[in-house]
């Protein structure tokens with residue numbers, strides 16, 4: 466029973482803490498290229514593991530607390546990967562309005 470409790474603790478801890486640790490690593494930018502690449506690889510692996518464990522925990526658990534932990538881990542891990550690898554991507558785009566200076570209005574079509 467002790468090993469089952471330890472396994473559950475490891476899975477919940479990984480789902481809960483992998484996202485925030487990965488997100489914290491996105492704010493750390495190093496001058497050394499080798500160290501920065503190592504940080505990116507570690508961040509990506511940690512976030513990917515967190516995503517897979519969170520999805521598995523969310524789909525297999527009926528307990529609302531475990532599902533909440535899985536959702537939080539999933540959202541923070543996805544956000545960490547988005548911040549690191551796709552910094553210019555926005556989930557919500559612009560509203561479609563133009564400032565008039567981008568050449569997409571009637572005056573810009575000449």
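In my numbering, the protein residues as written are 466 to 575. Backbone N, C-alpha and C fix where the C-beta goes; we use that ideal spot for every residue, glycine too.
* Measuring CB to CB, does residue 477 end up less than 9 Å from residue 520? -> As a position in the chain shown, residue 477 is number 12, starting the count at 1. As a position in the chain shown, residue 520 is number 55, starting the count at 1. Not closer than 9 Å, so no.
* Note down the Cα distance separating residue 498 from residue 528, rounded to an integer number of angstroms. => For the purposes of this step, residue 498 is identified with residue 33 of the chain shown, where counting begins at 1. For the purposes of this step, residue 528 is identified with residue 63 of the chain shown, where counting begins at 1. Residue 498 and residue 528 have their C-alpha atoms roughly 44 Å apart.
* Asked: Sorted by chain position, which residues of the same chain lie with C-beta nearer than 8 Å to residue 540's C-beta, five sequence neighbours on each side aside?
  -> For the purposes of this step, residue 540 is taken as residue 75 along the chain shown, with counting starting at 1. Only 484 meet the Cβ criterion.
* Asked: Could you give the residue range of the alpha helix (DSSP H) that holds residue 494?
  -> Taking the chain shown and counting its residues from 1, one reaches residue 494 at position 29. Residue 494 -> no alpha helix (DSSP H), and no H or E assigned at all.
* To do: Find out if the Cβ-Cβ distance for the pair residue 509, residue 550 is shorter than 9 Å.
  => As a position in the chain shown, residue 509 is number 44, starting the count at 1. As a position in the chain shown, residue 550 is number 85, starting the count at 1. A contact, by the Cβ cut-off of 9 Å.
* To do: Indicate whether residue 491 and residue 531 have their beta-carbon atoms separated by less than 9 Å.
  => Here residue 491 refers to the residue found at position 26 of the chain shown. Here residue 531 refers to the residue found at position 66 of the chain shown. Going by C-beta atoms, residue 491 is not nearer than 9 Å to residue 531.
* Asked: Going by beta carbon distance, what residues of the same chain come within less than 8 Å of residue 486, once the five residues before and after it are set aside?
  -> As a working mapping, residue 486 is identified with position 21 in the chain shown. Counting only Cβ-Cβ distances below 8 Å, and skipping sequence neighbours, we find 511.
* Once you ignore the five residues that flank residue 514 on each side, which residues in its own chain have a CB closer than 8 Å to its CB? -> Position 49 of the chain shown, counting from 1, holds the residue named residue 514. Correct list, in chain order: 479, 483.
* Let me know the secondary structure DSSP gives residue 507 once reduced to three states. => Counting from 1 along the chain shown, the entry for residue 507 is found at position 42. Three-state DSSP puts residue 507 in a helix.
* What separation, rounded to the nearest whole angstrom, lies between the Cα atoms of residue 554 and residue 547? -> For the purposes of this step, residue 554 is taken as residue 89 along the chain shown, with counting starting at 1. For the purposes of this step, residue 547 is taken as residue 82 along the chain shown, with counting starting at 1. Going from the Cα of residue 554 to the Cα of residue 547 covers about 8 Å.
* Hey, residue 537 and residue 481: beta-carbon distance below 9 Å or not? -> In the chain shown, counting from the first residue as 1, residue 537 sits at position 72. In the chain shown, counting from the first residue as 1, residue 481 sits at position 16. Result yes, Cβ atoms of residue 537 and residue 481 sit closer than 9 Å.
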